[in-house]
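Everything on this sheet refers to the single structure shown next.
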Amino acid sequence: MKRILIFTFTALTIGSCSKSSHKDKPAHETLQQISFTTDQLKYIKLDTARKIPAVDEFAAVGEVSFDENNVVRVYPIVSGSVNKVNVSLGDYVHKGEILATILSTDISTYQRDFNIAKANFEVEETNLARSTELYKSGMLSSKEYAEAQKEYSNAHSEFNEKKQILELYGGSENELDAMFRVVAPRPGYIVERNINEGTQIRNDNATNIFTISDLETVWVWANVHESDMAKVSEGDYVTVRTIAYPDKAFKGTIKKIGTMLDPQSRVIRVRTELINHEGLLKPEMFANVIITPKNTQLVLSVPQSAVVLENNHYYVMRKTDGGGFEKAQIAPGKTYGASVEVLDGLRSGDVVISEGSLFAMTSFNLQ
2 MKRILIFTFT ALTIGSCSKS SHKDKPAHET LQQISFTTDQ LKYIKLDTAR KIPAVDEFAA
62 VGEVSFDENN VVRVYPIVSG SVNKVNVSLG DYVHKGEILA TILSTDISTY QRDFNIAKAN
122 FEVEETNLAR STELYKSGML SSKEYAEAQK EYSNAHSEFN EKKQILELYG GSENELDAMF
182 RVVAPRPGYI VERNINEGTQ IRNDNATNIF TISDLETVWV WANVHESDMA KVSEGDYVTV
242 RTIAYPDKAF KGTIKKIGTM LDPQSRVIRV RTELINHEGL LKPEMFANVI ITPKNTQLVL
302 SVPQSAVVLE NNHYYVMRKT DGGGFEKAQI APGKTYGASV EVLDGLRSGD VVISEGSLFA
362 MTSFNLQ
């Protein structure tokens, strides 16, 4: 602690001296250099002038949603009372798995119609067999035989129709069962469930009872303010972070930009698609979105902390080949986060003092 206090006091003393004794010294100086002791170097950090993307990125808020191209909503096709629900939110289901059963008078009606059609078909089948024998023996006219064939054909068609309807609704041919079985049309996770045991449902209800998605991919909808609309293009890079995983960055690109501006919030919806193999992203999660333009140039930069303003000029302390440091004037440009663009005065790869630059430059000026 004593060493740090001494160093700080020394730096402040040197700084106050430089202000009065060296204000007339030439601003641009690269011929001299200065070296520091081992103890002084402990309080100095170095960084390298490097090229970074000239990114005019901006932030937006949004939320995670289903990939609508990879989701199935299950609707009731019968009316009745929910007898049992076999799945919960988040459960993984296989195709054909029974999700719920519904006690439905519709099924009873379909079974009754099927049984009537089946009995009628069996009667007409027997009649046709008898008519065929009589026709062959000459005891039945052609007209009567044709009529028997027609009755059989009609009964057969009716039987097949009622059978298909019964099978469509999951009814059984061999037993009276008024239960309709809701089955999964595809594998995936139950991401929405809108029924419980005892729920009364109608087949003309527009509300789905289940939603299934595999969540391998999800959508993130970002709300971009009207003032930022001109900055957004399809293909721009997107970085998403969530409250649940603040240290994990999910990367994607903008796939679609909405065409309508919300008149109340003055935002436009922008969609990106994210790979979600780990299943970390859940629908309805809030998301912090950083949008980075895809068409960016590389610019030479140094940390802002490396730059010192002196007599209306900007300088850095650059490391020399001999291991010392020299004062180099630069022309700064735009700032990008903690970095500043260097338009002139440095080359890529130059090493500069990024922390302790004010002390180093003051010491240099006092030589």
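Mapped onto the numbering used here, the consecutive letters of the sequence shown carry residue numbers 2 to 368.
Beta carbons: idealized from backbone N, C-alpha and C, even for Gly.
Owing to the predicted nature of the structure, the values given are computational and were not obtained by experimental measurement.
For residue i and residue j, what's the separation of their Cα atoms in angstroms?
i      : j      : result
Gly91  : Tyr190 : 6 Å
Phe115 : Asn161 : 9 Å
Val353 : Ser266 : 46 Å
His95  : Pro188 : 4 Å
Ser228 : Arg348 : 36 Å
Ile210 : Leu169 : 18 Å
Val184 : Ile244 : 35 Å
Arg203 : Leu129 : 42 Å
Ala223 : Ile276 : 16 Å
Asp351 : Glu327 : 12 Å
Val62  : Gln298 : 26 Å
Asn87  : Ser143 : 59 Å
Lys295 : Lys46  : 33 Å
Ser36  : Leu216 : 59 Å
Glu145 : Lys163 : 27 Å
Leu100 : Met286 : 25 Å
Val268 : Lys249 : 26 Å
Glu152 : Leu167 : 23 Å
Lys52  : Asn366 : 29 Å
Glu235 : Ile255 : 5 Å
Lys335 : Val241 : 25 Å
Asp68  : Glu274 : 8 Å
Glu193 : Asp237 : 31 Å
Thr38  : Tyr246 : 44 Å
Thr127 : Ala147 : 15 Å
Val271 : Gly338 : 24 Å
Pro186 : Gly97  : 6 Å
Pro54  : Asn197 : 53 Å
Val65  : Pro77  : 27 Å
My assumption, with CB atoms under 8 Å, is that residue i sits in contact with residue j. Please give the rounded CB distance.
i      : j      : result
Val239 : Ile292 : 6 Å
Ala307 : Asp48  : 6 Å
Val290 : Val221 : 7 Å
Ser364 : Val303 : Incorrect: roughly 19 Å between the Cβ atoms, too far for contact.
Ala179 : Leu104 : 6 Å
Ile108 : Phe181 : 5 Å
Helix, strand or coil for residue i, going by three-state DSSP, please let me know.
i      : result
Tyr238 : strand
Gln368 : coil
Gln330 : strand
Arg319 : strand
Val124 : helix
Met362 : helix
Glu108 : Looking at the sequence itself, residue 108 is Ile, so the reference to Glu does not match. Here Ile108 sits in helix by DSSP.
Leu167 : helix
Ser89  : coil
Ala245 : coil
Lys26  : Only weak support is given to the placement of Lys26: the predicted model assigns it a pLDDT of 40, under 50, and the value that follows is read from those uncertain coordinates. Lys26 falls in the coil class under three-state DSSP.
Lys43  : coil
Ala156 : helix
Lys335 : strand
Ser306 : helix
Phe37  : coil
Met140 : coil
Lys283 : coil
Asn277 : coil
Ser132 : helix
Ala118 : helix
Ser82  : strand
Tell me whether residue i is buried or exposed, calling it buried when 16 or more other Cβ atoms sit within 10 Å of its Cβ.
i      : result
Ser355 : buried
Met261 : exposed
Arg131 : exposed
Met140 : exposed
Gly369 : Given that the chain is displayed from residue 2 to residue 368, the structure contains no residue 369 and the question cannot be resolved.
Gly357 : buried
Ala231 : exposed
Gln34  : buried
Val381 : Lying outside 2 to 368, the shown extent of the chain, residue 381 is not represented and no answer is given.
Ala207 : exposed
Gly324 : exposed
Pro264 : exposed
Would you check whether the ligand ATP has a heavy atom nearer than 7 Å to the C-beta of residue i?
i     : result
Tyr76 : With respect to the ligand ATP, the structure offers nothing, as it holds no ligand at all.
- Would you check if the stretch 323-337 and the stretch 279-292 touch, i.e. whether three or more CB-CB distances between them fall below 8 Å? As far as the Cβ criterion goes, the stretch 279-292 does not touch the stretch 323-337, which means the pair count is below three.
- Would the stretch 63-82 and the stretch 207-221 be scored as touching if the rule is three or more Cβ pairs under 8 Å? Because the criterion of three Cβ pairs below 8 Å is met, the stretch 63-82 and the stretch 207-221 touch.
- Query: When the Cβ atoms of the stretch 133-144 are set against those of the stretch 105-123, are three or more pairs found closer than 8 Å?
  - Reply: No, because fewer than three Cβ pairs between the stretch 133-144 and the stretch 105-123 fall closer than 8 Å, the two stretches do not touch.
- Does the stretch 82-89 come close enough to the stretch 310-326 that 3 or more CB-CB pairs lie under 8 Å? They do not touch, by the three-pair rule.
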